[in-house]
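**Q**
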Amino acid sequence: MAIIPARYASTRFPGKPLAIIGGKPMVQRVYEQALQCRQLTAVVVATDDERIRQAVLAFGGEVVMTRDDHPSGTDRIAEVAAQFPEVDIVVNIQGDEPFVQVDQLDQLCAFFADPSVAIATLAHPLVTAASIADPNIVKAVFSGTGRALYFSRSPVPYLRGVPVAEWAGQEQHFQHLGLYAYRRDVLLAITQLPPSPLERAESLEQLRWLEAGYPIYIGVTPTKSLGIDTPEDLQQAEAWWNAQQAI
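In this note's numbering, the protein residues as written are 32 to 278.
If you want it as structure tokens, here you go:
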């Protein structure tokens, strides 16, 4: 099951889920991409805003209203997941990822063939010095088995003895993509945990889960995220969409 958290009151981009890309609201783009994944038994939008609810109903989507005091999208989808006890795996697809790829969703779902996997996510190689240094890009460090070791806004790992200008060519830095899948019982449990010291330091909720002992597994995807956080991002997304249609 996929749940798409969508809120209207974004500080940097109010009304973002309803922003139009290629003639459709962004939340519809996300929803339609998710529907293409055959491993997902259902797709639901989770929102606290009536305008978003009406938009989803208008394109024939399923939507569940939630409380308006959730501190994160993870908490919002947990409220919805609690209403579906028959579901085992929950995929969290951010409402600002209109171009999420089916192969990425398939890759996430495949992790759960292993019954020991509780949480899975994806990362993408970083290939420029600017992106490695950018604190707005979250870096993921993981073991050879794909188990997450740490997430940071800092350029980790630090490559001792290698000039910083050459780090981008070492293929050791990865951007964490905000796409998660969880076993439902684990999702409900982690949203009951109090904020942790590392989470507060980095402002990254996944560090709370690691500190509590929940393993997170990371798959590497060649597909870069095209998430939209600002109106400027929307303009770039619209340009990308138009370019794809012209091919």
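Heads up, the beta-carbon is just placed ideally off N, CA and C, and yes, glycines get one too.
If you're wondering where the values come from, they're calculated on a predicted model, not measured in any experiment.
Quick one: complete beta strand (DSSP E) runs, 3+ long, within the segment 122-192?
**A** You should have 150-156, 170-173 and 179-183.
**Q** Do Arg82 and Pro36 have their CB atoms nearer than 8 Å?
**A** Here the question's residue 82 lines up with position 51 in the sequence shown. Here the question's residue 36 lines up with position 5 in the sequence shown. For Arg82 and Pro36, no; Cβs fall outside 8 Å.
**Q** In this structure, does DSSP put Gly209 in helix, strand or coil?
**A** As a working mapping, residue 209 is identified with position 178 in the sequence shown. If DSSP states are grouped into helix, strand and coil, Gly209 belongs with the strands.
**Q** From Gly104 to Trp240, what does the alpha carbon distance come to, in whole angstroms?
**A** Walking along the sequence shown from the start, residue 104 turns up at place 73. Walking along the sequence shown from the start, residue 240 turns up at place 209. In a straight line, the C-alpha of Gly104 is about 15 Å away from that of Trp240.
**Q** So, are the CB atoms of Val75 and Val95 less than 8 Å apart?
**A** Looking up residue 75 in the sequence shown gives position 44. Looking up residue 95 in the sequence shown gives position 64. Their beta carbons are under 8 Å apart, which means Val75 touches Val95 by this criterion.
**Q** Would you identify the three-state DSSP class for Tyr248, choosing helix, strand or coil?
**A** If you number the sequence shown from 1, residue 248 lands on position 217. Looking at Tyr248 - three-state DSSP - the assignment turns out to be strand.
**Q** For the candidate residues Pro116, Leu238, Pro246 and Ile34, whose alpha-carbon lies nearest to that of Thr78?
**A** Along the sequence shown, one-based indexing puts residue 78 at 47. Closest by alpha carbon: Ile34.
**Q** Considering only residues of the same chain and omitting the five flanking positions on each side of Gln201, which have a CB-CB separation below 7 Å?
**A** Position 170 of the sequence shown, counted from the first residue, corresponds to residue 201. The answer, listed in chain order, is Leu190 and Val193.
**Q** Indicate the three-state DSSP secondary structure (helix, strand or coil) for Arg215 in the structure shown.
**A** Locating residue 215 in the sequence shown gives position 184, where the first residue counts as 1. Arg215 falls in the helix class under three-state DSSP.
**Q** DSSP three-state label for Val94, please.
**A** Taking the sequence shown and counting its residues from 1, one reaches residue 94 at position 63. Strand at Val94.
**Q** At a cut of 8 Å, does the segment 124-141 reach the segment 177-184 through at least three beta carbon pairs?
**A** Verdict: no, contact absent.
**Q** Let me check understanding here. Comparing Cα to Cα, which of Gln237, His204 and Pro228 lies closest to Val217?
**A** For this step, residue 217 is matched to residue 186 along the sequence shown. With distances taken between Cα atoms, Val217 lies closest to Gln237.
**Q** Any contact of the segment 141-161 with the segment 243-251, i.e. 3+ C-beta pairs under 8 Å?
**A** With the cut-off at 8 Å, the segment 141-161 and the segment 243-251 touch.
**Q** Could you check if Tyr245 belongs to the surroundings of the ligand GTP, using beta carbon to heavy atom distance under 7 Å?
**A** As for the ligand GTP, it is missing from this structure, which has no ligand bound.
**Q** Using the Cα positions of Trp198 and Ser162, report the straight-line distance between them to the nearest angstrom.
**A** Translated into the one-based positions of the sequence shown, residue 198 becomes position 167. Translated into the one-based positions of the sequence shown, residue 162 becomes position 131. Roughly 11 Å between the two C-alpha positions.
**Q** Please state if the CB of Ala149 and the CB of Arg214 are separated by a distance shorter than 8 Å.
**A** What you label residue 214 is simply residue 183 of the sequence shown in a count that begins at 1. What you label residue 149 is simply residue 118 of the sequence shown in a count that begins at 1. Their beta carbons are under 8 Å apart, which means Arg214 touches Ala149 by this criterion.
**Q** Taking the alpha-carbon positions, what's the His101 to Asn273 distance?
**A** The residue labelled residue 101 in the question sits at position 70 within the sequence shown. The residue labelled residue 273 in the question sits at position 242 within the sequence shown. Near 35 Å, if we compare the C-alpha coordinates of Asn273 and His101.
**Q** Hey, quick one: how far does the alpha helix (DSSP H) through Thr105 stretch, first residue to last?
**A** In the sequence shown, residue 105 corresponds to position 74, counting from 1. Element bounds for Thr105: Gly104 to Ala112.
**Q** So, helix, strand or coil for Ala199, using DSSP?
**A** Within the sequence shown, residue 199 is the residue found at index 168, counting from 1. Ala199: helix per DSSP, three-state reduction.
**Q** How many Å lie between Thr152 and Ala89 at the Cα?
**A** The residue labelled residue 152 in the question sits at position 121 within the sequence shown. The residue labelled residue 89 in the question sits at position 58 within the sequence shown. Cα to Cα, the separation comes out at about 31 Å.
**Q** Ala277: buried (16+ other C-beta within 10 angstroms of its C-beta) or exposed?
**A** Against the sequence shown, residue 277 aligns to sequence position 246. Result: exposed.
**Q** In whole angstroms, give me the CA-to-CA distance for Pro228 and Asp80.
**A** Working through the sequence shown from its first residue, we reach residue 228 at position 197. Working through the sequence shown from its first residue, we reach residue 80 at position 49. In a straight line, the C-alpha of Pro228 is about 32 Å away from that of Asp80.
**Q** Of the residues Gln266, Glu63, Val111 and Ile120, which one's Cα is nearest the Cα of Gly92?
**A** Here the question's residue 92 lines up with position 61 in the sequence shown. It is Glu63 whose Cα lies nearest to the Cα of Gly92.
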